[in-house]
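Data first, discussion second: the structure below is written as structure tokens.
Numbering (this note's numbering), first residue to last: 9 to 106.
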């Protein structure tokens with residue numbers, strides 16, 4: 009049987025809480041329908057297209073969940089250094105010109 013295999017091994021920051029439903033390492037298998045001894049080319053490519061679409065959707069959903077988990081952690085440590093306002097930048101430029 010022909011199948012598409014996708015494997016990932018993620019290395020999130022060590023202080024990232026790992027959600028219960030997610031695993032940092034995973035192998036996904038998507039069988040290609042319509043394979044066998046006496047298949048037609050069209051049937052094979054239709055099965056291949058379906059398997060690729062399943063792989064894309066599943067991997068996208070899982071990686072989106074990881075992005076959300078890591079992204080929430082990043083939001084909490086956002087902007088520790090205050091950003092300069094435009095007025096502060098103008099004052100710095102004026103001081104440099106003198």
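Glycine residues also receive a C-beta, built at the ideal position from the N, C-alpha and C atoms.
Query                                                                                                               : Result
Nearest neighbour of residue 38, chosen from 29, 22 and 64 [CA to CA]                                               : 64
Other residues of its chain near residue 17: CB distance less than 6 Å, five sequence neighbours each side excluded : 33
Cβ neighbours of residue 29 in the same chain (closer than 6 Å, five flanking residues each side left out)          : none
Test item: CB-CB of residue 40 and residue 11 under 9 Å                                                             : yes
Beta-carbon gap between residue 27 and residue 59 smaller than 9 Å                                                  : no
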